[in-house]
Amino acid sequence: MQLVDNNAFLQQLGALFESTKDKGTIWLTYKRLTHDGDDTVMKEEDGSDGSREYPCLVRVTDGKKAKLSTKILSIDLDKFHSAYGALLKSSMTTLRKRDKKREKQRAEQLAKRKQRMADPVVVDGPKRGNGRRKRQRQVKAALKHAEMKERAAKREEARTKQ
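Heads up: the sequence shown is residues 1 to 162, going by the numbering used here.
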């Protein structure tokens, strides 16, 4: 992990956003830096006034070879955030909007499928004569429906075990 100053970090972060514009992922982590050798207990001691300020550590990686980090002091925090926010806004143009129409269609199809599983298949008609083939198709559909219910029950059982 390479520790760089704030301006160099922002420049390299912009370059990293550009390199992953078409395809790729970037992970950003942001945390308080507390490694002075003291105990990192969050509660304040009796004699302290709570005015201790900690620097922030920002890390970025693409999961492969680019790993950067920077330490931001509390006095530089506002300046860094404004530059960081502007960089993020300019880099978010390649994000795709969610296709809510497609998600709605999939949800409706799933609801229909569940409804069909809940409804029993009715087998009626004569065993011989007119309507025999219709009855055979209904019997076949009833067997397929029972098999589908059995597979769904097994899947549900496997999920509850995990």
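From the three backbone atoms N, C-alpha and C, an ideal C-beta is built for every residue, glycine too.
Nothing here was measured: the structure is a model prediction, and the numbers come from that model.
Assigned secondary structure, residue 2 (DSSP; H/G/I helix, E/B strand, else coil)
Within the sequence shown, the letter at position 2 stands for residue 2. It is a strand residue.
Taking just the CA atoms, how far does residue 142 sit from residue 165?
In this structure the chain extends from 1 to 162, so residue 165 is not present and cannot be described.
Okay, do the stretch 99-106 and the stretch 62-69 touch, 3+ Cβ pairs below 8 angstroms being the bar?
no
For residue 71, the residue or residues it bridges with in DSSP:
Position 71 of the sequence shown holds residue 71. In DSSP, residue 71 forms a bridge with 57.
So, at 7 angstroms on beta carbons, what are the nonlocal neighbours of residue 57 in its own chain, with the 5 sequence-adjacent residues on each side left out?
Looking up residue 57 in the sequence shown gives position 57. So the qualifying residues of the chain are 31, 33, 69 and 71.
Anticipated Cβ contact below 8 angstroms, residue 4 with residue 27, distance rounded
Taking the first residue of the sequence shown as 1, we reach residue 4 at position 4. Taking the first residue of the sequence shown as 1, we reach residue 27 at position 27. At roughly 17 angstroms, the Cβ-Cβ gap does not stay under 8 angstroms, so residue 4 and residue 27 are not in contact.
If you check the beta carbons only, do residue 126 and residue 137 fall under 9 angstroms apart?
As a first step, residue 126 must be located in the sequence shown, where it is residue number 126. As a first step, residue 137 must be located in the sequence shown, where it is residue number 137. In this structure, residue 137 does not lie closer than 9 angstroms to residue 126 by Cβ.
Pull up the distance between the alpha-carbon of residue 55 and that of residue 113, whole angstroms please.
Locating residue 55 in the sequence shown gives position 55, where the first residue counts as 1. Locating residue 113 in the sequence shown gives position 113, where the first residue counts as 1. Taking the straight line from one Cα to the other gives about 54 angstroms.
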